[in-house]
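For reference, the structure is listed below as structure tokens.
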Amino acid sequence: MASYEGLLSPLTLFILSAGWCIAVIAGPFGTYATMTWLVRVIYWGCVIGTGLMAGIVARSLMMTFGIRAPVRFDFGASLLTCVLLAPAIMALRGWLDPVLTHGDLKLWSIAFNTFMIVAGVFVLRRMLGAEQPAGYAGDIPEEAPRPRLHRRLSEVRASEIMRLSANDHFVDVATDAGQETLRLRLADAIAEMEPVAGLCTHRSHWVTLSAITGVERESGGKVFVRLRNGDRVPVSRKYRPRLEVAGWIGSEAGGQAR
């Protein structure tokens, strides 16, 4: 599912693996002085593994709540991860550390350090494009209209639908999180996309206007619209005028689409 794919991306796994190695070697927060290297391997492996699971849960909850604005999303996900992870870290440290006991540990201090590190991971993922939208330049409106078709998807509901394509008695729904096939007629799927603005480019394809990034033409007169997720959707002659009205295809392209 999309909620898991985001935090199990190669970039995230690389960041966590690098963090594990650095933590084992450097032994931060006093673990170098109180733990052997083997215990550090086990301890930091458990901490990072538990942190990954907590992050998945936190990210899923934020998306379930419909929060997509980058700053609010990352802050909320970091806070939820901290709430889940800090007690686990305290329990692991008291159990595995041969010197310190649970009585020597302060939960508030562990929680603060945990929040700062987790927030750094979420920010890094955002800035590197592993979380969409990338960066913090523009927040997404929290009250953006959401089509009814989202309710049919098993993927994260916060994902943006970009394309609908007929596939026999099914319809392929392409989002910024992947693609899913639903047992539904294309016409019914289009009806459930209201109030999102979109148009048919072909009898078997419908796209959202906000997903279009450009138009491509091939030899032989074929015309395609290019979407933000990289998809190329064919444009037939019958539906070309709608793209002309929308300003994506000039009238000089007459006869090129078929």
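Residues in the sequence shown are numbered consecutively from 1, following UniProt numbering.
From the three backbone atoms N, C-alpha and C, an ideal C-beta is built for every residue, glycine too.
Computed from a predicted model, the values in this text were never measured in an experiment.
Minimum C-alpha distance to residue i - residue among the options
i	options	result
alanine 187	Asp97, Gln179 and Phe170	Phe170
glutamate 180	Leu199, Leu149 and Ala77	Leu149
threonine 34	Val223, Leu79, Thr81 and Pro98	Pro98
glycine 103	Arg93, Phe112 and Ala111	Arg93
asparagine 113	Gly221, Leu85 and Tyr136	Leu85
arginine 226	Gly220, Ala177 and Leu209	Leu209
lysine 238	Ser219, Val215 and Leu199	Leu199
aspartate 168	Gly178, Glu160, Ala177 and Leu184	Leu184
glutamate 160	Arg242, Leu128 and Met193	Met193
alanine 54	Trp108, Arg240, Val83 and Asp172	Val83
phenylalanine 29	Ser109, Val215 and Arg242	Ser109
Cutoff 8 Å; reference residue i; Cβ partners in own chain excluding five residues on either side
i	result
aspartate 231	Met162, Arg163 and Ala174
valine 41	Val24
isoleucine 48	Leu16, Gly19, Trp20 and Ala23
methionine 62	Phe73, Gly76, Ala77 and Leu80
glycine 27	Ala33, Met35 and Arg40
Residue i - DSSP class collapsed to helix/strand/coil
i	result
glutamate 244	helix
isoleucine 67	coil
residue 259	Beyond the ends of the chain as shown, which are 1 and 258, falls residue 259; an answer cannot be given.
proline 87	helix
threonine 101	coil
glycine 76	helix
threonine 36	coil
proline 234	strand
glycine 19	helix
glycine 214	strand
Sub-8 Å separation of residue i and residue j beta-carbons
i	j	result
alanine 88	threonine 31	no
alanine 166	serine 204	yes
valine 233	isoleucine 249	no
valine 123	threonine 81	no
methionine 90	leucine 105	yes
histidine 202	serine 154	no
arginine 126	leucine 11	no
arginine 151	leucine 182	no
leucine 96	tyrosine 43	yes
Near the ligand FMN: residue i beta-carbon under 7 Å from a heavy atom
i	result
methionine 53	Judged by which ligands are present, the structure shown has none, so any question about the ligand FMN falls away.
Residues of its chain near residue i, where Cβ-Cβ distance is below 7 Å and the 5 sequence neighbours each way are ignored
i	result
proline 141	Confidence at proline 141 is low in this model, with a pLDDT of 49, below 50, so the placement of that residue is unreliable and no value is reported for it.
threonine 101	Gly94
Close Cβ partners of residue i (< 6 Å) along its chain, the five nearest in sequence each way excluded
i	result
isoleucine 190	Trp206
arginine 228	Ala211 and Thr213
alanine 197	Leu209
Within the region 141 to 208, note down every full beta strand (DSSP E) run reaching 3 residues or more, in order along the chain. 161 to 167, 170 to 175, 178 to 182, 198 to 202 and 205 to 208
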